[in-house]
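Just below is one structure, and these are the notes that go with it.
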Amino acid sequence: MGKKGKREKKGKGAEKTAAKMERKVSRRAKKEEEDLEALIAEFQSLDAKKTQVIESSCPPPSPRLNGSLSAHPEKDELILFGGEYFNGQKTYLYNELYVYNIRKNSWSKVEIPNPPPRRCAHQAAVVPTAGGQLWVFGGEFASPNGEQFYHYKDLWVLHLATKTWEQIKASGGPSGRSGHRMVACKRQLIVFGGFHESARDYIYYNDVYAFNLDSFTWSKLAPSGIGPSPRSGCQMATTPEGSIIIYGGYSKQRIKKDVDKGTLHTDMFLLKTEGAGKEEDKWAWSRLNPSGVKPTPRSGFSVAIGPNNRSLLFGGVHDEEEEESIEGDFFNDMYFYDIGKNRWFPGQLKGPKSEKRKRRRGRDAEAEGARDEEMEKQPSQGPVEIVKEVVAEDGTVMTIKQVISGPAEEKERSESEEEEDGALGQQVEPCPRSNAMLAVKHGVLYVYGGMFEVGDRQFTLSDLYSIDLHKMEEWKVLVEMDPKAQEWLEESESDEEDDDMEGAEGGEEEESSEEESEDEGGEEQHPSVQPDEKHADYLSRTEQYWIKLARSNMGPDAKEKKVVKVAHAMAKTFYEDSV
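2 is the number of the first residue of the sequence shown in the working numbering; add one for each residue after it.
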């Protein structure tokens, strides 16, 4: 009784501390979010001018990360929504909707009236109701300089059959957040974790909410047992029985003033209903201790549900954090978790089977197949590090570390086998990355976009790869991209005022880099023309935001008159680009 009482008292103390921290973050974030609400409202007013659905063929979407890629429940299509892009000076966010036709290997852009505001780091889940529904919850919007954030707590549904967006207004849901996870489980959407960040504070969550897809109501779950610590970016999967599995994730805490320490979680939990589903509102946490070869610690990995009752994890990054810098090793490996066996194992490519090898095997084919099935039972033989070099346009040589974990290839092979399998070492594969978008359709995994870093430079991707998870023979390139050709703007390349202007343009997300180049080439960046009536109205509603942004960029010693002038120029440029 004594130990139990202590645990309960400790638990209540932790809850009070978390609640106090949440109130503190909420107060500090409120003003920032009020500043950004005016910009979000402006975008929504522009979106509201769309009155009809327009679907048109288009090139592949521009580079992005932290969007959502979902498989259509009835068609051979993938649905891409939202995301973000950063080019060194500008942060772009999107609320575009793209559809990838799997059979035709083609993209189309679908413009639908009144979509959700632009966002990234949200969650999307598909349910097969009424021709298919895509549910979207939460995410974030960033300020032009990427230093302020607005965290959404809204819930939307895209009716795929009628191509209409609908905002579902129901009280009692999760607070604003991004980096959370959401899955469809029976007739509910289950939301777990995430974080909320302001300019000075942040808080990570480990709460669980359920949205009933029949009654359209939220409920906060209060599971018994000890669950995961607060975190974002974890793996969340459902079991056939209706339970939830949580693995890994990331969180950080402040160890001293202006110094944060990140934690890569590697623990695993099961959240299930008690009483065999008779009392569905009662849930319980329990710790899982899986066997097999577990993923190496990482954050920014992407997840999906594969065939044969397996969830999968792809890519990610392991950051070496120091007080002044972060250097990361990016991954392009894949791990499977067998839900029924509670076992992890690495995804290893088998390579395409040649006819010659099939004939030579003869009676050994059956034994070979048995060895393939035993792959997941092989012990880990340690990570293998591969170093690749990328040469940028300016001649800079950048080194990318790629760490692959898993069994090494068999050493005892004849020379003829090595010759036939020589192509395996030259097979295409996605480059190491984090925050990519995944979807599985008909047992085939699709990987789109994401990012990797080299030094202070970020490469955002727009390539598309696929691999048959049943065969695991080879990756196929559906859309290629050359990261070396990507634009990157260093801060030192522009003077002070140009930096202000670029930040304003970038933060408020143009729809494509092509539009950006046309706008920049069209007119001066510091026009002295008096604003028209509509611009004047926009300026009157957002002037304080732009002045604050200009002052933060120009420094406290800048003269007020110059700050106001730059702020007005930033607002005008942004307004014209948006319109």
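Note that beta-carbon positions come from the ideal geometry of N, C-alpha and C, so glycine has one too.
The model shown is predicted, which means the values in this text are computed figures rather than measured ones.
Item: Among Ala72, Glu328, Glu474 and Asp282, whose alpha-carbon lies nearest the alpha-carbon of Arg458?; Value: Glu328
Item: What residues in its chain sit with their C-beta under 7 angstroms from that of Ala126, if we drop five residues either side in the sequence?; Value: Trp136, Met183, Val184, Ala185 and Leu190
Item: Just reading off the beta strand (DSSP E) that Asp469 is part of, what are its end residues?; Value: Arg458 to Asp469
Item: Whole-angstrom Cβ separation of Phe142 and Arg120, contact assumed at under 8 angstroms?; Value: 6 angstroms
Item: Which residue comes first and which comes last in the beta strand (DSSP E) that contains Met269?; Value: Val260 to Thr274
Item: Compute the minimum distance between the beta carbon of Glu475 and the heavy atoms of the ligand MG, and state whether it is under 7 angstroms.; Value: The ligand MG is not part of this structure, which contains no ligands at all.
Item: What are the boundary residues of the beta strand (DSSP E) that Asp208 is part of?; Value: Tyr203 to Asn213
Item: Met452 and Ser435 look like a contact to me (Cβ under 8 angstroms); what is the Cβ gap, rounded to whole Å?; Value: 6 angstroms
Item: Kindly indicate the opening and closing residues of the beta strand (DSSP E) around Asn102.; Value: Leu98 to Asn102
Item: Please tell me whether Trp286 and Phe270 are closer than 8 angstroms, where the distance is taken between their beta carbons.; Value: yes
Item: Determine the DSSP secondary structure at Ser172, reduced to helix, strand or coil.; Value: coil
Item: Could you spell out the range, first to last residue, of the beta strand (DSSP E) harbouring Arg120?; Value: No beta strand (DSSP E) contains Arg120, which DSSP labels as neither H nor E.
Item: How would you call Met571, buried or exposed, if buried means at least 16 neighbouring beta carbons within 10 angstroms?; Value: buried
Item: Pair every Cβ in the region 290 to 299 with every Cβ in the region 337 to 355, then say whether three or more of these pairs are closer than 8 angstroms.; Value: yes
Item: Give every residue of the same chain whose Cβ lies closer than 8 angstroms to the Cβ of Ile227, excluding the five residues on either side of it in the sequence, and list them in chain order.; Value: Trp286 and Arg288
Item: State yes or no: is the C-beta of Glu38 within less than 8 angstroms of the C-beta of Arg65?; Value: no
Item: Assuming Tyr101 and Leu79 are in contact, meaning their beta carbons sit under 8 angstroms apart, how far apart are those beta carbons, in whole angstroms?; Value: 4 angstroms
Item: For Val455, count the other beta carbons within 10 Å of its own beta carbon; 16 or more makes it buried, fewer makes it exposed. Which is it?; Value: buried
Item: How is Lys566 classed by DSSP in three states: helix, strand or coil?; Value: helix
Item: Which stretch, first to last residue, makes up the beta strand (DSSP E) that contains Ala437?; Value: Looking at the DSSP string, Ala437 is not in any beta strand (DSSP E), and its letter there is neither H nor E.
Item: Determine the contact status of Ser63 and Gly83, defining contact as a CB-CB distance below 8 angstroms.; Value: no
Item: Within the continuous beta strand (DSSP E) that includes Gln134, where are the two ends?; Value: Gln134 to Phe138
Item: Taking C-alpha atoms, which residue in Lys573, Leu350, Pro241 and Gln53 lies nearest to Ile340?; Value: Pro241
Item: Taking Cβ to Cβ, would you say Ser244 is nearer than 8 angstroms to Lys262?; Value: no
Item: Can you grab the Cα-Cα spacing for the pair Asp483 / Thr461, in whole Å?; Value: 10 angstroms
Item: Closer than 6 angstroms by C-beta to Ser417: which residues in its own chain qualify, once you throw out the five before and the five after it? Chain order, please.; Value: Its pLDDT being 44, under 50, Ser417 is placed unreliably in this model, and the value from its coordinates should be taken loosely. Answer for Ser417: no residue qualifies.
Item: Is the beta carbon of Phe193 sitting closer than 8 angstroms to the one on Tyr203?; Value: no
Item: So, does the region 221 to 237 touch the region 110 to 117, judging by three or more C-beta pairs under 8 angstroms?; Value: no
Item: For Val318, write down the residues that DSSP places opposite it in a beta bridge.; Value: Ser300 and Phe331
Item: Whose C-beta lies closer than 8 angstroms to the C-beta of Arg188 among residues of the same chain, with five residues either side of it excluded?; Value: Asn213, Leu214 and Asp215
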